[in-house]
Amino acid sequence: MTDIAKLFDEVLYPVELKNPLNGEALGITFWIAPFVADAATDWWVRTNSMMANIKARAKEQEVGIDEIAEIDAQAMKRRAIAAVRKWDWGDKTFGKIGSKSPCSAENKAAVLADPASSWIVAQIIDAGSQIENFTKAPQQD
Numbered sequence: 309m310t311d312i313a314k315l316f317d318e319v320l321y322p323v324e325l326k327n328p329l330n331g332e333a334l335g336i337t338f339w340i341a342p343f344v345a346d347a348a349t350d351w352w353v354r355t356n357s358m359m360a361n362i363k364a365r366a367k368e369q370e371v372g373i374d375e376i377a378e379i380d381a382q383a384m385k386r387r388a389i390a391a392v393r394k395w396d397w398g399d400k401t402f403g404k405i406g407s408k409s410p411c412s413a414e415n416k417a418a419v420l421a422d423p424a425s426s427w428i429v430a431q432i433i434d435a436g437s438q439i440e441n442f443t444k445a446p447q448q449d
């Protein structure tokens, strides 16, 4: 019998960042947790609350497409921040984040909330959206 309850236990997936212009590996790896993990689930709850507030306001006034697009972009950034658990910058830096900077909540936000990192967020979201990146081969009993 196979126990599927532990399919996502502490499974991290390495996202090896690629140059968005030519697809070449950059030597930077971000390890991400599945979007069903605690921090990512917390992100989901907060985002749903935010969207509920927007919908409530929409009944009273018009909510523009730009506002919805901005909320969506912020939600993706938050999801990426919640999913990243560790990183290895190799010999690269990002603004004030050096190659040896710890993967702290503040540092993750400094990188992934920066407008210049939209391509990093996109790669994290893409990898995190593929459930097969996080599932273990079932153990046969």
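Here the sequence shown is numbered in our numbering, starting from 309 and rising by one per residue.
The C-beta atom is built at its ideal place from N, Cα and C for all residues, glycine as well.
Report buried or exposed for residue i, applying the criterion of at least 16 other Cβ atoms within 10 angstroms of its Cβ.
i	result
Gln438	exposed
Ala424	exposed
Ile405	buried
Ile376	exposed
If you draw a straight line from the C-alpha of residue i to the C-alpha of residue j, how long is it?
i	j	result
Ile379	Ser357	12 Å
Ile389	Asp374	23 Å
Asn393	Lys400	Just to set this straight, residue 393 is Arg in the shown sequence, not Asn. Going by the C-alpha atoms only, they are around 18 Å apart.
Phe343	Ala435	10 Å
Asn361	Ser407	39 Å
Leu320	Ile336	15 Å
Arg387	Trp397	20 Å
Leu334	Pro322	13 Å
Gly372	Met359	13 Å
Ser409	Asn415	8 Å
Secondary structure at residue i, three-state DSSP: helix, strand or coil?
i	result
Glu332	coil
Asp396	strand
Pro410	coil
Leu325	strand
If I'm right that residue i touches residue j with Cβ under 8 Å, what's the distance once you round it to whole angstroms?
i	j	result
Gly403	Ala418	7 Å
Ile340	Ala391	4 Å
Trp455	Phe338	Outside the shown range of the chain (309 to 449) lies residue 455, about which nothing can therefore be said.
message = Closer than 8 Å is the cut-off here; do at least three beta carbon pairs connect the segment 323 to 340 with the segment 419 to 434?
response = Yes: at least three Cβ pairs fall under 8 Å.
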